[in-house]
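Trainee:
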Amino acid sequence: MSIIEERMSQLTEEVKKLKKERNAIILAHVYQRPEVQEVADIIGDSLELSRRAAATDADVIVFCGVHFMAESAAILSPDKVVLLPEENAGCPMADMVTAEQLRAKKQEMPDAVVVAYVNTSAEVKAESDICCTSANAVKIVQSIPEDRPIIFIPDKNLGAYVASKTGRPMTLWEGWCNTHDWVTVEEVLKAKEAHPQALVLIHPECRPEVVALADYVSSTTGLIKYARESEAKEFIIGTESGILHQLYKQCPGKEFYLATRRLVCPNMKATTLGKVKEALITMQPRITVPPQIREKALACLEKMLAVK
Ligand code: 13P
Ligand code: SF4
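For reference, each letter of the sequence shown is one residue, going 179 to 486 in our numbering.
1. Can you find the residues in the same chain that come closer than 6 Å, C-beta to C-beta, to V291, ignoring five residues on each side of it along the sequence?
2. How about the segment 347-360 and the segment 269-287: do they share at least three Cβ pairs that are nearer than 8 Å?
3. Specify the secondary structure class of R326 as computed by DSSP and reduced to three states.
4. On the three-pair Cβ rule with 8 Å, is the segment 185-199 touching the segment 447-459?
5. Count the CB pairs spanning the segment 461-476 and the segment 253-261 that are closer than 8 Å, and state whether there are at least three.
6. Can the beta-carbon of A313 be found less than 9 Å from the beta-carbon of S397?
7. In terms of residue numbering, what span does the beta strand (DSSP E) encompassing I203 cover?
8. Since I believe L401 is in contact with S228 (beta carbons under 8 Å), could you give me their beta-carbon distance rounded to a whole number of angstroms?
9. Measuring from the CB of L225, is there a heavy atom of the ligand 13P at a distance below 8 Å?
10. On the three-pair Cβ rule with 8 Å, is the segment 370-377 touching the segment 416-430?
11. Within 10 angstroms of its Cβ, does V485 collect 16 or more other Cβ (buried), or is it exposed?
12. Using a Cβ-Cβ cut-off of 6 Å (strictly less than) and excluding sequence neighbours within five positions of G243, which residues of its own chain qualify?
13. Should V363 be labelled buried (16 or more other beta-carbon atoms within 10 Å of its own) or exposed?
14. For E324, tell me which candidate among P347, K343, T311 and S342 has the shortest Cα-Cα distance.
15. Hey, how far is the Cα of L205 from the Cα of P288?
16. Relative to the ligand SF4, what is the chain-ordered list of residues with a Cβ closer than 7 Å to any of its non-hydrogen atoms?
17. In whole angstroms, what separates the C-alpha of K317 from that of A341?
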């Protein structure tokens, strides 16, 4: 065992011990570092993690993800202590819409239903009608009466995908994920040329022209399930690199190629095992949401969770 491996295994044991002492649950998004995923109780996509945050009976939720995810946990479980081990782990896409900007848009379109991708701040959720994640966005939009116009925030790429699937015209916000929006058609075509047998699995945060090249489009959990159940042995992956850990774990004997090496979200990689340990010792950084915002944002999240 190398010194680094030894240190990792020591840290892992320390985190597990602290987790028990604090009656804490660790939730990790699939984009997290492999060693962080390994100490987690639940690893999942945004939808699964929201559901688990709403249902847990632990006293403490350690959210290994980015700020809006921990905030959603704090909205859904106000009596729990919610910790975000790296407090600067934000989501640049979530920052592309503010509550003030949204209020102005709503004034322009007073009849519209606002569908907010879960990648938004609590304040923005409080101004929205219903949340969605990449796993349920199509269903959520289909649940809205046909005569109502829709404002979809903030991801124009996910919005375009949902519009194409549902046939619903929507006003799309000018927002995007820096990590997924970087994937180009040329990169995917080059990967296909290098691996002609591979199926192309793409996250809907990628640009429409990249999504058009996909054999399958889904949330991160959906992509993992597809790879696991597929007869194919090779896959080109159009989503953040952290997913590779679960893909290799859950799909033995299969091979995965990232569409581009730039598929790395620095915010998702900011959480380390050391920071998880520190958070469990100090019970900081703690994420809270003011009650007046929480109440409205909760309605928006609960409406989403009620759509089956
Ligand atoms: P999902 O895991 O819900 O597909 O989310 C993708 C993402 O970019 C989260 O920040
Ligand atoms: Fe935000 Fe994209 Fe990073 Fe997800 S991958 S946290 S959407 S910047």
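Don't be surprised by glycine CBs; every beta carbon is placed ideally from N, CA and C.
Mentor: A quick look at the data gives this:
1. D307, I322, R326 and I328
2. yes
3. Assignment of R326 by DSSP, reduced to helix, strand and coil, places it in the coil class.
4. yes
5. yes
6. yes
7. A202 to H207
8. Actually they are not in contact, since the Cβ atoms of S228 and L401 sit about 18 Å apart, beyond 8 Å.
9. yes
10. no
11. exposed
12. So the list reads H207, once near-sequence residues are dropped.
13. exposed
14. P347
15. The C-alpha of L205 lies about 37 Å from the C-alpha of P288.
16. Y209, V244, C269, P270, M271, A272, N297, C355, N356, T357, H358, E383, E418, C443, N445 and M446
17. 11 Å
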